[in-house]
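In order, the protein sequence lines correspond to chains A and B. For the first sequence, position 10 (counting from the first letter as 1) is numbered 9 according to numbering that gives the first Met the number 0, and the numbering increases by one without interruption. For the second sequence, position 165 (counting from the first letter as 1) is numbered 164 according to numbering that gives the first Met the number 0, and the numbering increases by one without interruption. Don't be surprised by glycine CBs; every beta carbon is placed ideally from N, CA and C. Values in this document were obtained by computation on a predicted structure and should not be read as measured data.
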Amino acid sequence: MSANDNLSRAEAADIRIEGVNLSYGKTHVLKDVSLAIEPGEFFAFLGPSGCGKTTLLRLIAGFNVAQTGSVRIGGAEVADLPPWKRDVGMVFQSYALWPHMSVARNVAFGLEERHLPRDEIVRRVDEALELVELKHLRDRKPSQLSGGQQQRVALARTIAVRPKVLLLDEPLSNLDAKMRVQVRSELRELQSRLGITTIFVTHDQEEANSICDRVAVFNDGAIQQVGTPIELYDRPANLFVANFLGTANILDGKAAGAGEARRFEVAGGGHFVIPADAPVEDGARLVFRPQDAMIGLPAGEGPAGAVVTREFLGATMRYVVRIGDGDIMIDVPHRAGAAQFQPGDRVGVTLDPARAMFLAR
Amino acid sequence: MAGATGMSVLSAARVAQPGTAMMGHWLAIAGITGFLGLFLVIPVAMVILVAFQDPSTGAVTLVNFADFLRNDLFLRAFRNSFYVSIMSVVWASIFALPLAYFTTRFEFRGAAIVQTLGVIPLIMPPFAGAVAMQLIFGRNGSINLLLGDWFDINIPFMEGLNGVIFVQSVHYFPFILINLTASLRNIDRAMEEAAQNLGCSGFRLFRRIVFPLAMPGFVAGASLVFIKVFDDLATPLLLNVKDMLAPQAYLRITSVGLKDPTGYVISVVLIVFSVLSLFVASLATRGQDYATVQRGGGGLAKRRMNPAQAVLAYAVIGLILLLVLAPHLGLGLLSLATIWSYSPLPDGYTLDHYARVLGESWQFISNTLLYASLAGLIDVVLGTAIAYLVLRTKIAGRHWLDYMASAALAVPGVVLGIGYLRAYYGVSLPSGQSVTSFWFIIVIALAVRRLPYALRACMAAMQQVSVSLEEAAENLGATKARTIRRIVVPLMTGGIVAGFVTSFATAAVELSATMMLVQNTSDAPLAYGLYVFMQSPAGRGAGAALGMIAVLIVGLSTYLSTVLAERDRAAKAGAAT
């Protein structure tokens with residue numbers, strides 16, 4: 000365990016990004032991005048491809064230059080430093096292991112660049128390789144390793160230099176599905192053991208949700224929302240976040256009435272009862288998760304509609320019901336022998352008013 | 000023979016039932032093996048055997064090699080060949096390195112010029128440029144006359160071995176340029192960034208990461224240059240340098256006779272060095288895939304040049320461009336010159352030389368077109384058949400077809416020529432003519448020499464045709480034969496055309512094997528005619544005109560193949576989207 004204690008001695012640093020704008024010609028890639036990442040945090044940049052998340056990561060590492068804004072790591076401004084002076088560890092998506100060097104030489108590289116004494120280098124290479132459990136492969140060439148092993152060598156190479164922060168660029172994307180689940184829990188464990196501030200770039204919400212403390216959701220060069228995975232899921236700030244994290248029903252319509260009679264009238268017919276104080280902006284749409292509504296025989300408060308299709312997902316049955324002009328999904332927990340509806344059946348939908356969200360964009 | 004092979008391939012492609020399909024495969028294999036056995040394996044084996052045989056008794060012996068090592072002339076020839084090859088690699092690297100570095104490292108307009116410049120020298124036979132280079136860089140050439148007038152100095156660019164080195168390095172530097180550029184372009188940008196991320200920059204970054212990763216491309220190009228120069232016969236002969244290995248082999252066989260063992264010993268030395276440098280090249284390129292571009296960005300990060308760097312870059316490129324174009328310029332001038340001697344520029348200009356070669360020497364051109372087309376045709380038929388057998392059948396030992404065809408790479412032209420003479424000189428056609436004096440033997444030699452290149456093109460083309468495309472056709476009821484005809488061959492067209500043009504263009508200017516096999520001038524191709532013309536000062540103008548025509552033929556066909564390849568790619572891309 001002493002090996003790990005040594006590596007974790009590096010002090011965790013915070014990252015402060017303020018007012019960053021970056022363009023390639025006419026393409027505005029990062030639009031006034033500001034972000035605060037706390038020391039020791041495991042932070043995710045989440046978003047579809049082309050949203051700017053990797054651009055921001057590379058900006059922190061020094062491979063991109065912003066037109067405006069500042070990047071501070073551990074209180075020190077780094078915007079004017081070249082990549083090799085930043086002491087920021089990055090694990091590349093392609094791993095970028097140098098094929099002409101053995102595993103041990105790859106891991107030793109950064110230590111050699113820091114001109115550490117010979118025996119210190121040997122010791123720290125061993126430590127790093129022990130940490131990723133690859134010490135026995137130290138003399139192999141990268142091409143002789145499996146994808147998962149290459150990934151761990153890339154990680155060892157980066158943490159061997161004890162960087163201030165650790166940047167992971169889609170580190171799981173080149174692994175098969177089974178390895179991905181295993182490696183991501185290993186990553187989480189390693190990160191909490193080292194206590195190093197870590198940014199994890201991914202387009203996979205499940206990856207971000209399962210291992211990260213907080214997530215920044217990116218779209219179109221701007222941060223849409225920052226929060227814990229649960230906050231993002233339960234209280235999305237806009238339609239993009241609602242849609243990108245999990246499944247959401249989105250219905251057009253408008254609020255009407257007041258007090259007890261306040262309701263959301265769905266475009267094309269039908270209405271849901273909503274709390275009297277629910278803030279509904281002009282043009283806002285009704286948003287809720289499939290598991291927050293229920294279906295039954297048509298009766299009472301909620302709107303009625305016909306079952307369009309249904310999908311059996313194992314734990315739940317997902318019904319698609321036509322309400323007004325839109326189709327909504329409703330997940331019903333499945334139990335053996337439970338009553339079911341068939342496509343074409345007319346059903347009534349009830350929504351827990353507390354679960355209704357209204358998002359304008 | 001070649002016709003028979005072609006037929007068996009077609010019959011393999013036309014059969015329907017699996018049983019007969021197998022028959023077709025075996026017929027194709029028999030045809031290919033027979034052709035390569037007769038015209039590659041047996042002649043080369045014969046040459047090697049004779050080198051180890053006592054000339055009078057026929058017993059196995061090393062005495063011929065001992066004689067070789069005792070003979071000062073041969074040892075000098077060996078040293079000279081080695082020295083010239085190494086120095087050509089050095090100078091070719093000096094030309095290629097800055098160009099490769101500029102184009103891959105910086106964003107600037109010169110990149111396109113450098114690309115073009117990279118192919119220009121290759122479309123001219125090196126020996127054609129040799130005479131023109133004499134006139135420009137020789138002791139009494141334009142440059143030295145001017146230097147003499149202005150500064151009273153004379154630089155021996157073209158004296159003896161210098162001339163060979165100069166001509167060869169100017170001609171072959173594109174091999175290094177192309178390989179090195181490709182290898183620099185293929186380095187995953189993350190390789191460089193990972194090093195920067197770990198604290199490495201500047202020259203250390205170049206030395207520790209960029210250079211080692213680009214090394215395979217450089218070594219591959221350099222060993223190619225080495226072997227081309229080491230094997231070349233025509234350039235030294237034209238520059239009147241006789242004490243090198245290939246010229247010695249040629250001279251011994253042609254002057255002393257087929258029985259003299261020295262030519263064979265030299266041949267073995269040439270083969271050994273060819274195999275060695277191919278081996279070095281394959282070692283260098285092995286495992287290179289790993290470093291090549293993966294997801295997330297390709298090539299080194301490009302930088303903008305500051306004005307001073309830009310001026311320097313353009314100056315270097317301009318100088319190299321001038322050097323590289325010098326042979327073409329000189330040859331063009333010479334082909335139009337009335338008299339060009341002891342003066343920086345010709346005395347007057349005329350079209351007579353072209354009239355002469357197009358008139359009385361037309362047979363050189365028509366022979367070349369015929370021979371090169373036939374050789375190209377044989378190569379793509381064999382290449383497609385071998386590619387199909389290797390990639391699409393499970394016949395045991397099929398890879399040996401590939402190995403056998405590719406082995407021709409390691410056989411210098413002189414050696415192949417000597418092998419044909421040795422193996423088939425005594426064999427007569429029904430007409431009583433010796434096989435080795437029949438013009439078709441030249442076509443066969445050209446086909447064998449160019450087969451490895453055509454085969455690579457066909458293999459690559461077939462690898463791009465996904466097996467599932469064929470399976471889809473078979474699933475819809477097409478037989479194996481109809482699938483090949485309607486799906487495989489149409490999709491391979493681009494590759495087949497590329498293979499044909501490569502074979503055609505390089506066969507059109509090949510001289511080393513041809514020189515051993517041409518028995519009379521009426522059967523001679525253009526390259527040989529050029530060589531004959533260049534022997535006498537009076538023939539130089541005509542020789543240059545012939546050279547320009549060769550440049551034209553090769554240039555046009557190269558251009559045509561690029562256009563066709565581009566169109567083919569566009570058509571396929573259109574179909575895919």
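task = Could you pull out every residue in the same chain whose Cβ sits closer than 6 angstroms to the Cβ of I120/A, ignoring the five residues on either side in sequence?
result = For the purposes of this step, residue 120/A is identified with residue 121 of the first sequence, where counting begins at 1. Excluding residues up to 5 positions away in sequence, A107, L110 lie with their Cβ nearer than 6 angstroms to the Cβ of I120/A in the same chain.
ask   = If the cut is a Cβ gap below 9 angstroms, which residues of chain B does V87/A touch?
value = As a first step, residue 87/A is located in the first sequence; it is residue number 88 there, counting from the start. What V87/A touches in chain B: N196.
ask   = Using the beta-carbon of each residue, which ones in chain B are nearer than 7 angstroms to H99/A?
value = Translated into positions along the first sequence, residue 99/A becomes position 100. In chain order: P211, L212.
message = So that I know if they touch, is there some Cβ in chain A lying closer than 8 angstroms to that of I208/B?
response = Against the second sequence, residue 208/B aligns to sequence position 209. The beta carbon of I208/B falls within 8 angstroms of a beta carbon belonging to chain A, placing the residue at that interface.
ask   = Do you know whose CA, among A254/A, G268/A, L244/A, lies nearest P289/A's CA?
value = Sequence index remark: in the first sequence, residue 289/A carries index 290 (1-based). Ranking the options by Cα distance to P289/A, first place goes to L244/A.
inquiry  = Which residue marks the beginning of the beta strand (DSSP E) containing F42/A, and which one marks its end?
reply    = Here residue 42/A is taken as the residue at index 43 of the first sequence, counted from 1. Segment 41 to 45, the beta strand (DSSP E) holding F42/A.
query = Can you find a C-beta in chain A that's less than 8 angstroms from the C-beta of E192/B?
reply = As a working note, residue 192/B is residue 193 in the second sequence. For E192/B, at least one C-beta of chain A is nearer than 8 angstroms to its own C-beta.
task = Quick one: list the residues of chain A neighbouring A189/B, beta-carbon separation under 7 angstroms, in chain order.
result = In the second sequence, counting from the first residue as 1, residue 189/B sits at position 190. Neighbours of A189/B on chain A, chain order: F91, S93, A95.
task = Give a yes or no on contact between the stretch 99 to 106 of chain B and the stretch 158 to 167 of chain B, applying the rule of three or more CB pairs nearer than 8 angstroms.
result = Counting Cβ pairs under 8 angstroms, fewer than three are found: no touch.
ask   = Which residues in the same chain as L144/B place their Cβ atom closer than 6 angstroms to its Cβ, once the five residues preceding and following it in sequence are excluded?
value = The count along the second sequence starts at 1 and reaches residue 144/B at position 145. Closer than 6 angstroms at Cβ, skipping near neighbours: P343.
ask   = For the alpha helix (DSSP H) that contains G347/B, what are its first and last residues?
value = Here residue 347/B refers to the residue found at position 348 of the second sequence. Neither: G347/B is in no alpha helix (DSSP H) and is coded neither H nor E.
query = So, does the CB of S365/B fall closer than 8 angstroms to a CB anywhere in chain C?
reply = Structure shown: chain C not included; protein chains present are A and B.
message = On the CB-based measure, 16 or more other CB atoms within 10 Å of its CB, does F278/B come out buried or exposed?
response = On the second sequence, position 279 is the one that residue 278/B refers to. Answer is exposed; the Cβ neighbour count stays below 16.
Closer than 8 angstroms to chain B by CB, G109/A = For the purposes of this step, residue 109/A is taken as residue 110 along the first sequence, with counting starting at 1. Under the 8 angstroms criterion on CB atoms, G109/A is classed as interfacial with respect to chain B.
ask   = Opposite F105/B in the DSSP bridges: which residues?
value = Locating residue 105/B in the second sequence gives position 106, where the first residue counts as 1. Its beta-bridge partners are R302/B.
Beta-carbon neighbours of S200/B, restricted to chain A and to distances below 7 angstroms = Numbered from its first residue, the second sequence carries residue 200/B at position 201. Correct list: P81, W83.
inquiry  = By the three-class DSSP mapping on this structure, what secondary structure does M157/B have?
reply    = Taking the first residue of the second sequence as position 1, residue 157/B is located at position 158. Secondary structure at M157/B: coil, using DSSP grouped into helix, strand and coil.
inquiry  = In the DSSP output, what is A233/B paired with across the bridge?
reply    = Along the second sequence, read from residue 1 onward, the residue named residue 233/B stands at position 234. Answer is none; A233/B lacks a bridge partner.
key: 4-residue-minimum alpha helix (DSSP H) runs that sit fully inside the stretch 65 to 141 of chain B, ordered along the chain   = Taking only runs of at least 4 residues, the alpha helix (DSSP H) segments lying wholly in the stretch 65 to 141 of chain B are 71 to 104, 109 to 118, 125 to 136.
ask   = If you count every other CB in all the chains shown that lies within 10 Å of the CB of W97/A, and 16 or more means buried, which is it?
value = Within the first sequence, residue 97/A is the residue found at index 98, counting from 1. With 16 or more other CB atoms across the displayed protein chains lying within 10 angstroms of its CB, W97/A is buried.
inquiry  = Suppose the cutoff is 8 angstroms on Cβ atoms and the five residues either side in sequence are ignored; what does the same chain contact list for A65/A look like?
reply    = Along the first sequence, one-based indexing puts residue 65/A at 66. Closer than 8 angstroms at the Cβ level, and outside the excluded window around A65/A, lie V19, N20, L21, L29, L58, A78.
ask   = Given that a residue counts as buried once 16 or more other Cβ atoms are within 10 Å of its Cβ, and exposed if not, what is A362/A?
value = Only positions 0 to 360 of chain A appear in this structure, which leaves residue 362/A out of reach.
ask   = Using DSSP with H/G/I as helix, E/B as strand and the rest coil, what is Q52/B?
value = Here residue 52/B corresponds to residue number 53 of the second sequence, with the count starting at 1. Q52/B falls in the strand class under three-state DSSP.
message = To the nearest angstrom, how far is the alpha carbon of Q92/A from that of C50/A?
response = As a position in the first sequence, residue 92/A is number 93, starting the count at 1. As a position in the first sequence, residue 50/A is number 51, starting the count at 1. Here the alpha carbon of Q92/A sits roughly 17 angstroms from the alpha carbon of C50/A.
inquiry  = List, from N- to C-terminal side, the alpha helix (DSSP H) runs of 4 residues or more that fit wholly inside the stretch 320 to 407 of chain B.
reply    = Taking 4 residues as the shortest admissible run, the stretch 320 to 407 of chain B contains the following complete alpha helix (DSSP H) segments, listed from N- to C-terminal end: 351 to 358, 361 to 391, 398 to 405.
Beta-bridge pairing of N20/A - partner residues as DSSP gives them = Taking the first sequence and counting its residues from 1, one reaches residue 20/A at position 21. As computed with DSSP, N20/A is found in a beta bridge with T67/A.
ask   = Considering only residues of the stretch 73 to 113 of chain A, which uninterrupted beta strand (DSSP E) runs meet the minimum length of 3 residues and lie entirely inside it, listed in chain order?
value = As summarised for the stretch 73 to 113 of chain A, the continuous beta strand (DSSP E) elements at least 3 residues long and confined to that stretch are 87 to 90, given in chain order.
message = According to DSSP, L166/A sits in a beta bridge with which residue or residues?
response = Translated into positions along the first sequence, residue 166/A becomes position 167. M89/A, I198/A, per the DSSP bridge assignment.
query = To the nearest angstrom, how far is it from the Cα of G140/B to the Cα of V315/B?
reply = Within the second sequence, residue 140/B is the residue found at index 141, counting from 1. Within the second sequence, residue 315/B is the residue found at index 316, counting from 1. So the alpha carbons of these two residues sit roughly 23 angstroms apart.
task = Taking P332/A as part of the beta strand (DSSP E), name the residues at either end of that continuous run.
result = Numbered from 1 along the first sequence, position 333 holds the residue referred to as residue 332/A. Here the beta strand (DSSP E) through P332/A covers 325 to 332.
query = Helix, strand or coil: which one does DSSP assign to N579/B?
reply = There is no way to answer for residue 579/B, as the model of chain B reaches only from 0 to 576.
ask   = Does the beta carbon of E126/A sit closer than 8 angstroms to a beta carbon anywhere in chain B?
value = Against the first sequence, residue 126/A aligns to sequence position 127. Chain B, which has no Cβ nearer than 8 angstroms to the Cβ of E126/A, makes this no.
Strand pairing of Y423/B, partner residues [DSSP] = For the purposes of this step, residue 423/B is taken as the residue at position 424 of the second sequence. In the DSSP assignment, Y423/B is bridged to no other residue.
task = Check whether the stretch 293 to 303 of chain A touches the stretch 208 to 223 of chain A, counting contact only when three or more Cβ pairs, one atom from each stretch, lie closer than 8 angstroms.
result = Contact fails: fewer than three Cβ-Cβ distances are below 8 angstroms.
inquiry  = According to DSSP, is M293/A part of a helix, a strand, or is it coil?
reply    = Position 294 of the first sequence, counted from the first residue, corresponds to residue 293/A. If DSSP states are grouped into helix, strand and coil, M293/A belongs with the strands.
query = What does F62/A reach in chain B if we use C-beta pairs closer than 7 angstroms?
reply = The count along the first sequence starts at 1 and reaches residue 62/A at position 63. Taking a Cβ-Cβ cut-off of 7 angstroms, the neighbours of F62/A in chain B comprise E192, given in sequence order.
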